[in-house]
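To convert, count from 1 in the sequence shown and add 1; that's my numbering. We put the CB at the ideal spot given by N, CA and C, even for glycine. Keep in mind the model is a prediction, meaning the values are calculated, not measured. Right, one structure below, let's go through it.
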Amino acid sequence: MLLAILFVQYDQSRYPDSFKKAQVLLRQSKINNLFWVQLDNFVESQPLEYKSKNHLVIGGDNSLHEFSAWSKGVEIAKAMTPDVYLLMTDAFMAYGNEYQKLLNPEVIEWLISQNAVAGLIDTTENGELFVLQEWTFWYWVRTSFVLIPAQVLELIQDLATFANTDDFCPQTFVEGQIFLNDAPMSRNYQHHLSQWLTKRWHSAFELSPETWQKFQTKLRSILNEHALSNRLASAGMACYDLRALQKLSLQKLSLLENPATFGVKKQLQLCRPSVWQRAKRKVASKLKGFKS
Numbered sequence: 002m003l004l005a006i007l008f009v010q011y012d013q014s015r016y017p018d019s020f021k022k023a024q025v026l027l028r029q030s031k032i033n034n035l036f037w038v039q040l041d042n043f044v045e046s047q048p049l050e051y052k053s054k055n056h057l058v059i060g061g062d063n064s065l066h067e068f069s070a071w072s073k074g075v076e077i078a079k080a081m082t083p084d085v086y087l088l089m090t091d092a093f094m095a096y097g098n099e100y101q102k103l104l105n106p107e108v109i110e111w112l113i114s115q116n117a118v119a120g121l122i123d124t125t126e127n128g129e130l131f132v133l134q135e136w137t138f139w140y141w142v143r144t145s146f147v148l149i150p151a152q153v154l155e156l157i158q159d160l161a162t163f164a165n166t167d168d169f170c171p172q173t174f175v176e177g178q179i180f181l182n183d184a185p186m187s188r189n190y191q192h193h194l195s196q197w198l199t200k201r202w203h204s205a206f207e208l209s210p211e212t213w214q215k216f217q218t219k220l221r222s223i224l225n226e227h228a229l230s231n232r233l234a235s236a237g238m239a240c241y242d243l244r245a246l247q248k249l250s251l252q253k254l255s256l257l258e259n260p261a262t263f264g265v266k267k268q269l270q271l272c273r274p275s276v277w278q279r280a281k282r283k284v285a286s287k288l289k290g291f292k293s
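Shown next as structure tokens:
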């Protein structure tokens, strides 16, 4: 089993030791067959350099931030015919070190056998439903660290869904208007996105003519993150939280007649009980017939 790690970095002064931490993490996982593609989105002109036979560094592609860089990395790594990809960014530990001890060869082999995706699952507050284009959703996989089997990646092809935000917000800053009136997204989703980027995010900023382009580019990344999980779900691919897989042994999981029935709601019950208790009633009332 070959794991290709596509590690996208941008500003090394902001996350100075992130790549070393990623190396330590993978070393602790005891996964022996690794191939590293380190993509530098800050210096896109960085020439190809082999640090070792299993580690190369090259300039990334920052046109769609991490999503375009990952696509470049896939094109490079697929010559090695990996079984599974680990998509990472230098911000993978921005919200803590939950990834430690979550990776092991057995988990990855099981994910490959199930054609399933795994990472850390984030949710809306209290199970609130968001709408983005044709998708209604309440959870997504955090794309700063996500495992995707090669067969799944071939099925969905493009990692990015949106090349721009033209359908969602004005192209230039308009005082008092963030989203277009006919933007294909629910009002509560718009509120969540604006609050997240201007107040709750670790790098929150105020909206102004000077920061509008920054808002558009970060919004595009979030939309692509959320759309990826929805496209995977639409294609019938199960998403697993690595914390839940750690708590439920793979032996028990393999006994399930249909492992896909171990859906996101059950995973939350197992790995994030306090979150689940807050969301349980709202999810139950709103998700009748909605497939997790």
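| Item | Value |
| --- | --- |
| Beta strand (DSSP E) segments (min. 3 residues) lying fully within the region 101 to 132 | 118 to 124 |
| Burial state of lysine 54, where buried means 16 or more other Cβ atoms lie within 10 Å | exposed |
| Residue closest to phenylalanine 169, alpha-carbon to alpha-carbon, out of Trp141, Lys200, Ile157, Leu133 | Leu133 |
| Residue(s) in a DSSP beta bridge with histidine 56 | Trp37, Ser53 |
| Classification of alanine 5 by the beta-carbon crowding that lies within 10 angstroms, buried from 16 upward | buried |
| Selected residue, minimal CA-CA separation from phenylalanine 216, among Met186, Pro171, Ile109 | Pro171 |
| Three-state secondary structure assigned by DSSP to arginine 15 | coil |
| Simplified DSSP assignment, three categories, for tryptophan 139 | coil |
| Reduced DSSP secondary structure (H/G/I, E/B, other) of threonine 199 | helix |
| Contact set for tryptophan 136: own chain, Cβ-Cβ below 6 Å, skip 5 residues either direction | Asn231 |
| Where isoleucine 6 sits in the DSSP three-state scheme | strand |
| Same chain only: Cβ atoms within 6 Å of leucine 195, ignoring 5 sequence neighbours per side | Rather than leucine, the amino acid found at residue 195 in this sequence is serine. Closer than 6 Å at the Cβ level, and outside the excluded window around serine 195, lie Ile179. |
| Three-state class that DSSP yields for phenylalanine 146 in the structure shown | strand |
| Selection from Val25, Tyr190, Asp123, Asn42 that minimises the alpha carbon distance to glycine 74 | Asn42 |
| Which of helix, strand or coil DSSP assigns to threonine 218 | helix |
| Neighbourhood of methionine 81 by C-beta distance below 7 Å, restricted to the same chain and skipping five residues each side | Leu3, Ala5, Phe36 |
| Any 3 or more C-beta pairs closer than 8 Å across the region 148 to 167 and the region 115 to 127 | yes |
| Straight-line gap, valine 58 to serine 222 (C-alpha atoms, nearest Å) | 23 Å |
| Identity of the residue in Tyr140, Asp62, Glu110 nearest serine 30 by Cα | Glu110 |
| CA-to-CA distance, phenylalanine 8 to leucine 40, given in whole angstroms | 6 Å |
| Distance, lysine 102 Cα to lysine 248 Cα | 11 Å |
| Closest Cα partner of valine 175 within the set Gln13, Asp12, Pro210 | Pro210 |
| Which residues DSSP lists as bridging cysteine 240, in chain order | Val118 |
| Selection from Tyr241, Pro185, Arg15, Asn34 that minimises the alpha carbon distance to aspartate 91 | Arg15 |
| Straight-line Cα distance separating lysine 79 from arginine 282 | With a pLDDT of only 48 at arginine 282, under the threshold of 50, the placement of this residue in the model should not be trusted; the figure read from the coordinates follows. Straight-line Cα distance between these residues: approximately 44 Å. |
| Per-residue DSSP class, three states only, for methionine 186 | strand |
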